[in-house]
Amino acid sequence: MILFVGRNDGHLTPATFLKFAQLQALFDTVEAIKSYELEQHTASLLVKIIEEKGWASDIDLIEGGHINILFTDEEERDAHKGYDLARQARFNLDGVEWLPQEKVEAEYGVP
Numbered sequence: 005m006i007l008f009v010g011r012n013d014g015h016l017t018p019a020t021f022l023k024f025a026q027l028q029a030l031f032d033t034v035e036a037i038k039s040y041e042l043e044q045h046t047a048s049l050l051v052k053i054i055e056e057k058g059w060a061s062d063i064d065l066i067e068g069g070h071i072n073i074l075f076t077d078e079e080e081r082d083a084h085k086g087y088d089l090a091r092q093a094r095f096n097l098d099g100v101e102w103l104p105q106e107k108v109e110a111e112y113g114v115p
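Residue 38 in this note's numbering sits at position 34 of the sequence shown; the count goes up by one each step and never skips.
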């Protein structure tokens, strides 16, 4: 099992690289990157509006990362494939950290 920090699956954290391989195959590299840039822009704009309106405490807006846990070998392969393709496309992957299973178990209690 591998753990990495990045995507917040449906919350207000833009995607990093998950599904990059699928988007690239369906559309192309430029369009795949554009979709992630649009998601980043949208999330940033929503946070800006929330902060400007003073709604952060009302909606429990918390800044920070997100942890994805990969349970199967297939999930791990897919995640690495998306990461590698996004990196080759010069996609910004700053902030993505792959954690070894031992650290996941010790810090998060996930076997």
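The beta carbon of each residue, even a glycine, is placed where N, CA and C say it ideally should be. Only a predicted model underlies this, so the values are computations on that prediction, with no experimental measurement involved.
For residue 73, the uninterrupted beta strand (DSSP E) segment begins and ends at 71 to 74. Residue 103 sits in a strand when the DSSP states are folded into three classes.
For the 9 Å CB-CB criterion, residue 21 and residue 108 do not form a contact. In this structure residue 36 is in contact with residue 27, their Cβ atoms being roughly 4 Å apart against a cut-off of 8 Å.
When secondary structure is reduced to three states using DSSP, residue 30 falls in the helix class.
Residue nearest to residue 73 within the set 18, 55, 110 and 103 is 103 (criterion: CA-CA distance).
Residue 98 sits in coil when the DSSP states are folded into three classes, being neither helix nor strand.
Under the criterion of beta carbons closer than 8 Å, residue 86 and residue 24 qualify as touching, at roughly 4 Å. Take residue 115, set aside five residues on each side of it, and the residues of its chain with a beta-carbon closer than 7 Å to its own are 109, in chain order.
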